[in-house]
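What follows is a set of notes on a single structure, which appears directly below.
There are 2 protein chains.
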Amino acid sequence: MSGIQEIAVATGLSKSTVSRALRDLPSVAPATVMAVRRMADQLGYIPSSAAAGLATGRNRTVGVVVPVIDRWFYIRVLEGIDAELRRAGYDLILFNLAGAAGDRGRVFHRSILRKRVDALVLLSLVFDEDEREQLELTEYPLLVIGGPAPGIRHLGIDDHQVAYRATKYLLDLGHTRIAHIGGRDEAGANSLVPGERHEGYLDALADAGIAPVPEWSPNGEFTFAGGHDSMARLLQGPSVPTAVFAASDEMAFGAMVAIQKAGLRVPEDISVVGIDGHAYGKTFGLTTFAQDPVAQGARAARVLLGEVAGQPALPWFEPAPVTFVERTSAGPPPN
Amino acid sequence: MSGIQEIAVATGLSKSTVSRALRDLPSVAPATVMAVRRMADQLGYIPSSAAAGLATGRNRTVGVVVPVIDRWFYIRVLEGIDAELRRAGYDLILFNLAGAAGDRGRVFHRSILRKRVDALVLLSLVFDEDEREQLELTEYPLLVIGGPAPGIRHLGIDDHQVAYRATKYLLDLGHTRIAHIGGRDEAGANSLVPGERHEGYLDALADAGIAPVPEWSPNGEFTFAGGHDSMARLLQGPSVPTAVFAASDEMAFGAMVAIQKAGLRVPEDISVVGIDGHAYGKTFGLTTFAQDPVAQGARAARVLLGEVAGQPALPWFEPAPVTFVERTSAGPPPN
DNA sequence: ATGAAAGCGCTAACAG
DNA sequence: CTGTTAGCGCTTTCAT
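Residue numbers (the numbering used here), protein chains in the order written: chain B, 1 to 335; chain E, 1001 to 1335.
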């Protein structure tokens, strides 16, 4: 049924040698390795990760904590992490805080901090004092992807800058009446991202000498429906903007749909730009500032894996690259 | 640093008692439990899942295998599974076959079958002889969610029936020129779902005495872009359908966008219905046949957890419920 | 290049 | 209600 032991007796070798052969450590005769190999899968040997983990203290597993999972960005990051982990023979344990029905604390203590993972990736999460302390107590390497997180190194784009660029792009096109569909605190994400992007927008406006219209910064909740509803409301306001900068592509799509529903055209009547590089962008013709979450995830996984293997910890990351993708959703303001 | 042992000496109890107290087994004096508890977190005790796993043979983990992750359905199912698992104190290991860069076999042997999970959920996957054999060799309970999978019990909607109903709905509205945007074999999914849905469509047409137009069953690849492109092509054909039944909501959205881009209206010029119950549906006004993947995932998790706990295995599942959601994307054919 | 022996940290009978 | 005694299956010095 199970066991390195069986292989040992079947081959007439010792457990140690079999163990070494199976992990192809040096100093095992090639012939021996062969024999062990053959016997192993002849017996249908399946290693016990628990036993190996107990013995080595390593679980060959990294945890990924997401605030919610049904968001384009998180999913792509997950893909990037997964691919890299898989390549290294590591498994990925997913912790979805949203699934915990508000019981974030329990997930934290009972699951995440359990000695089950060798490293941890936190997605767009900000932590309170207590949580941060807990995290620091953990021995393993960790990092945040997505938003800056006070006290923890983080990997991601420069949110403020990209928002500034996006707004500036609209400004340069001639727009002066620019709205920003952003978010507040994402469901449990407690992330700094929405704020950073809003600031970037505000700063670009300020640098252009334009006073922001308070009603023009609705909360799109970082969802398609939220973007749509925000735009619909904007369209009914006493004065309507000629351009919209959405803090995420999904919200931008929602806004575009709302604009079209209202019988207006993009970009002739209203221009729209987003941030992300969502797959739907091409079809929607959305002009956007694309980031590469898959690469970010892969990068994170590589760094973590390296550190688990003993490499010195990287204290911080340079900002992840952003690519401007010009399509057809933005143009000069009407008339 | 670690260990139940430390707590034992610190409290003057034995390892066993501490172990019992920590897991609140019966037959431990309440006072003892208290004492152990306090000492445990005073010492910052973190249990070793590897040790527990080795001792019990249980890992408190279930694996979920997805063909690709960036699909609405899989993500929702994942949420359902995760929530239920979390509640039971189980962890979820994610296996993304797409991430394996075609190396499906390796993921299979090196990871999935490793003795690391207590149960397995397979999403919309069909297996070849060899894989099925391997799966049967595993001791733990498993099931497929999504598509029927020969040889393995499966939980999901009745794909043929829902497709039949969707087509019938269009037929009853008076349409006779109905196209079907479906899929072939999803990227590595190797699923039976697309075929079943196509059959349902064909059968409904046949029952209505309508001969299908071969060109009207394009492959939308189950993606938004695929749905869009398929529809765009349909629109350029020598003859254009008055209604489209998309095998998934995402493809339906793509089709709607293509229709609008062509200057046509939904449903006045062309009706569209989908399958799924995607969150975007409300905004798009899509009439669809909604399923509840979160519930399916939760159900699966509950069943598996029960079986891990010793309950007898459920041999099969009744089809998951489908709810007809009538919105505004379908109406009678023009003129 | 291979073997022997001692654990890794916890659970599970079996006593008491 | 609590303690003792064995392991779970693998890795890892230390010998040989």
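Yeah, the Cβ is synthetic: ideal placement off N, Cα and C, and Gly gets one too.
{"Item": "At a Cβ threshold of 8 Å, is B:Q5 touching chain E?", "Value": "no"}
{"Item": "So which of B:P148, B:Q134, B:A55, B:M231 has the shortest CA-CA distance to B:A252?", "Value": "B:M231"}
{"Item": "Specify whether the segment 153-165 of chain B and the segment 310-326 of chain B touch according to this definition: at least 3 beta carbon pairs, one from each stretch, less than 8 Å apart.", "Value": "yes"}
{"Item": "Mind checking who B:G274 pairs with in its DSSP beta bridge?", "Value": "B:T288"}
{"Item": "I'd like to check one pair, E:P1333 with E:A1247: are the Cβ atoms closer than 8 Å?", "Value": "no"}
{"Item": "Is it the case that the segment 67-75 of chain B contacts the segment 1065-1077 of chain E, given that we only count it when at least three CB pairs across the two stretches are under 8 Å?", "Value": "yes"}
{"Item": "Using 8 Å as the threshold, is the segment 78-91 of chain B in touch with the segment 51-66 of chain B, meaning 3 or more CB pairs across them?", "Value": "yes"}
{"Item": "Does the separation of the CB atoms of E:D1269 and E:T1288 fall below 8 Å?", "Value": "no"}
{"Item": "Rounding to the nearest angstrom, what Cα-Cα distance links B:Q311 and B:P141 in this structure?", "Value": "11 Å"}
{"Item": "Quickly, what does DSSP pair E:D1091 with across the bridge? List them, please.", "Value": "E:T1061"}
{"Item": "I need the DSSP call for B:T180, collapsed to helix, strand or coil.", "Value": "The question names Thr, but residue 180 of chain B in the sequence shown is His. The answer is strand: DSSP assigns B:H180 an E or B state."}
{"Item": "Using a Cβ-Cβ cut-off of 8 Å, state whether B:R116 counts as contacting chain E.", "Value": "yes"}
{"Item": "Pop quiz: E:L1304 and E:L1202 are said to be a contact at Cβ under 8 Å. What is the actual Cβ separation, rounded to whole angstroms?", "Value": "In fact, because the Cβ distance is near 35 Å, the residues do not count as touching under 8 Å."}
{"Item": "Classify E:L1234 as helix, strand or coil using the three-state DSSP reduction.", "Value": "helix"}
{"Item": "Would you please state the rounded distance, in angstroms, between the beta carbons of B:A290 and B:T323? I believe it to be under 8 Å.", "Value": "5 Å"}
{"Item": "Can you check whether the C-beta of E:P1047 is within less than 8 Å of a C-beta belonging to chain B?", "Value": "yes"}
{"Item": "Return the residues of the segment 1221-1244 of chain E that lie within a Cβ-Cβ distance of less than 7 Å from chain B, sorted by chain order.", "Value": "F1224, A1225, H1228"}
{"Item": "If we define contact as Cβ-Cβ less than 8 Å, is E:V1257 a contact residue for chain B?", "Value": "yes"}
{"Item": "For chain E, is any of its Cβ atoms less than 8 Å away from the one on B:G44?", "Value": "yes"}
{"Item": "For B:A119, report the span of its beta strand (DSSP E) as first-last.", "Value": "119-123"}
{"Item": "Below 8 Å on C-beta distance, what does E:V1107 contact in chain B?", "Value": "R86"}
{"Item": "For E:E1079, go through chain B and note every residue whose CB falls closer than 9 Å to its CB, in chain order.", "Value": "V68, I69, D70, N96, A98, G99"}
{"Item": "Can you list, in chain order, the residues of its chain whose CB lies under 7 Å from that of B:Q296, leaving out five sequence neighbours each side?", "Value": "V77, G80, I145, L155, G156, A320"}
{"Item": "Any beta carbon of chain B sitting closer than 8 Å to that of E:I1093?", "Value": "yes"}
{"Item": "Can you list, in chain order, the residues of its chain whose CB lies under 6 Å from that of B:A119, leaving out five sequence neighbours each side?", "Value": "V62, Y140, P141, L304, V308"}
{"Item": "Only counting the same chain, and skipping five residues up and downstream in sequence, which positions put a Cβ closer than 7 Å to that of E:R1302?", "Value": "E1084"}
{"Item": "Can you give the Cα-Cα distance for E:E1196 and B:V107, rounded to whole angstroms?", "Value": "39 Å"}
{"Item": "Taking C-beta to C-beta, are E:A1330 and E:L1173 nearer than 8 Å?", "Value": "yes"}
{"Item": "Given a cut-off of 8 Å, decide if B:G89 and B:R347 are closer than it, judged by their beta-carbon atoms.", "Value": "No answer is possible for residue 347 of chain B: the residues shown for chain B start at 1 and end at 335."}
{"Item": "Grab the span of the beta strand (DSSP E) containing B:T323 for me, first residue to last.", "Value": "322-325"}
{"Item": "Report the three-state DSSP secondary structure of E:F1245 (helix, strand or coil).", "Value": "strand"}
{"Item": "Please give the ranges of any beta strand (DSSP E) in the segment 4-91 of chain B, keeping only runs that are unbroken, at least 3 residues long and fully inside the region.", "Value": "61-66"}
{"Item": "Measure the alpha-carbon distance for E:A1255 versus E:G1227 and round it to whole angstroms.", "Value": "5 Å"}
{"Item": "From E:A1204 to E:G1182, what distance separates their C-alpha atoms?", "Value": "15 Å"}
{"Item": "Can you tell me whether B:H198 is helix, strand or coil according to DSSP?", "Value": "helix"}
{"Item": "For E:A1035, I'd like the list of residues in its chain whose CB is within less than 6 Å of its CB, leaving aside the five on either flank, ordered along the chain.", "Value": "T1011"}
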